[in-house]
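With UniProt numbering, letter number 67 in the sequence shown gets 67, and the count goes up by one each step, no holes. We treat Cβ as the ideally placed atom computed from N, Cα and C, and that holds for glycine. Some notes on the structure that comes next.
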Amino acid sequence: MNILFESLFKKKNIYIRIVWFIPYYLQTQLITSKGYPCEEHEVVTEDGYILGVQRIPRGRNQPVTNKTRPVVLLQHGFMMCSSCWVENLANESLGFMLADAGMDVWMANSRGNTYSKKHKTLDPKKLEFWNFSFDEMAKYDLPATIDYVLQQTNQKQLYYVGHSQGTVIGFITFGWPEVASKVKTFFALAPYAYSSHMRSPIRYLSPLARDVKALYAFLGNGEFLSNTQINKFLGRDFCAQKQLDIICENVLFLVGGYDLKATNVSRIPVYVSEHPAGSSTQNLVHYAQEVLSGKFQMYDFGSKKENEKHYNQSTPPEYDPSKVEIPIALFTGGHDALADPADVKLLRPKLKNVVFEKNVEYWEHLDLVWALDAGKLAYSHIIDMINNSTLTDNVV
């Protein structure tokens, strides 16, 4: 099946319309088309969600062996999916680079996105399926995925790479010793916990977060921006509002920033064919609440009564990143509009065991996964740290 993708760029008040006719690839096809092996797996969470997970068990042209490989779990960001790790060329994509470096690569998908829209009993066409935010991703999705991967590989620990929302759930889940003990190192790309300085358009929703019902009335309640809904939503609802038309000039970089300095523009059709990959409206509302409150806390149900019902207290409990004691490597961008440098600065003192930090001043939010120079400036460090850790383990 082919997709006709049309984008509109504005430069010096001149609009340039570029049309691409591109093939539509599923995640498995993206991987195997470049000569890598790929496996499809499903993880069932404690609350019944069925999550799609892809595996690259070895590098391109590497033989099948019984050799134990370091296991690396990759967790995508907000409104994204696992394909983000393999959408650039093989020597630029973290998923492929890790596999070629001798690692066993697993790519997770959070509930509600393109590859995780299944449940044991709930119907994704019903609102009940979409009653979740990153709270549930941290509580159920990540622990279940880690356990499944370790069981399949017969290993006791793995390395975790999270981008954006992948760091959010990491800062929550790895505060629990029973899960943290299974993770050797947490590589945090565009680390996100606090958002009072966020420059992303999401901040414009935050005033409405004072009234949860009003926000749902504005956004709708259920699925938000799935891969199949995007064109309809933007054309009919979002871009029809004149005050928002500037945002529609470039959908792909809506959330994290508009700086294309490090972007391979020729790959944009591939990115857009998979992203946005969808989530729940409740998840978006949760992020808007974070901007409004300036706190890293659980979902606010909108009233003292409802919060008492869910939390036994009138306000949502706060998360504490200082509880994460495993080694953390931070990779940040100076132009990140979502994980703003000022908010990263607030987070940094709370992290007890930061073993590495790398900031690229001109990177924006999505450059941490798609930048032309991400391999050199970020991924090479991740590979070196894993290799060095593995060597140390072997010596011990």
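- Residue environment: Phe-218 is assigned as exposed (fewer than 16 neighbouring CB atoms within 10 Å of its CB, all protein chains considered).
- In this chain, the beta strand (DSSP E) harbouring Asp-104 covers 104-108.
- Trp-85 is positioned such that its CB atom lies no closer than 7 Å to that of Met-103.
- Using a Cβ distance threshold of 7 Å, Ile-172 and Tyr-319 count as a contacting pair.
- Taken in chain order, the unbroken stretches of alpha helix (DSSP H) that lie wholly in the segment 127-173 and span 4 residues or more are 142-153, 165-173.
- The alpha-carbon separation between Asp-123 and Val-355 amounts to approximately 43 Å.
- DSSP, read as helix, strand or coil, puts Phe-356 in strand.
- About 5 Å separates the beta carbons of Val-291 and Ser-195, which is inside the 8 Å limit, making them a contact pair.
- Put simply, the backbone Cα of Val-344 is about 7 Å away from that of Pro-191.
- In the DSSP assignment, Gly-95 falls within the unbroken alpha helix (DSSP H) covering 94-100.
- The C-alpha of Phe-224 lies about 6 Å from the C-alpha of Gly-278.
- With a threshold of 16 other beta carbon atoms within 10 Å, Asn-88 meets it and is buried.
- Take Thr-167, set aside five residues on each side of it, and the residues of its chain with a beta-carbon closer than 6 Å to its own are Ala-188, Pro-191, Tyr-192, in chain order.
- Burial of Ala-371 is indicated by the presence of at least 16 other C-beta atoms within 10 angstroms of its C-beta.
- Going by C-alpha positions, Lys-358 is about 12 Å away from Ile-328.
- DSSP places Val-272 in no beta strand (DSSP E) but in the uninterrupted alpha helix (DSSP H) bounded by 268-274.
- Judged by their CB atoms, His-163 and Asp-340 are not nearer to each other than the 7 Å cut-off.
- Apart from the 5 residues on each side of it in sequence, Asn-131 sits with its Cβ closer than 7 Å to the Cβ of Gln-282 in its chain, given in chain order.
- Between Leu-51 and Val-64, the C-beta spacing is not below 7 Å.
- Shown here for Gly-175: same chain residues with a beta carbon closer than 6 Å to its own, the five before and five after excluded, namely Lys-323, Val-324 in chain order.
- In terms of Cβ geometry, Leu-94 and Tyr-379 form a close pair [threshold 7 Å].
- Burial of Gly-59 is indicated by the presence of at least 16 other C-beta atoms within 10 angstroms of its C-beta.
- Counting of Cβ neighbours within 10 angstroms places Val-265 among the exposed residues, the total staying below 16.
- Under the DSSP assignment, Leu-74 falls in the beta strand (DSSP E) whose first and last residues are 71-75.
- Counting the other Cβ atoms within 10 Å of the Cβ of Tyr-160 gives 16 or more, which makes it buried.
- For Thr-281, no beta strand (DSSP E) encloses it; the enclosing alpha helix (DSSP H) starts and ends at 281-293.
- For the pair Arg-267 and Pro-321, the Cα-to-Cα distance works out to about 35 Å.
- The criterion of a C-beta distance shorter than 7 Å is not satisfied by Tyr-362 and His-381.
- Boundaries around Ile-50 are those of the beta strand (DSSP E), 49-56, since no alpha helix (DSSP H) includes it.
- The segment 151-160 makes no contact with the segment 300-319: fewer than 3 CB pairs, one atom from each, lie closer than 8 Å.
- For Asp-47, the closest of Gly-375, Thr-263, Asn-113, Lys-118 by C-alpha to C-alpha distance is Lys-118.
- Pairing Met-137 with Ser-116 gives a Cβ-Cβ distance that is not under 7 Å.
- For Gln-165 against Phe-296, the beta-carbon gap comes to about 13 Å, at or over 8 Å, which does not count as contact.
- The beta carbon of Leu-98 sits closer than 6 Å to those of Val-72, Val-105, all from its chain and outside the five residues before and after it, given in chain order.
- In this structure, DSSP gives Phe-296 a state outside helix and strand, which the three-state scheme calls coil.
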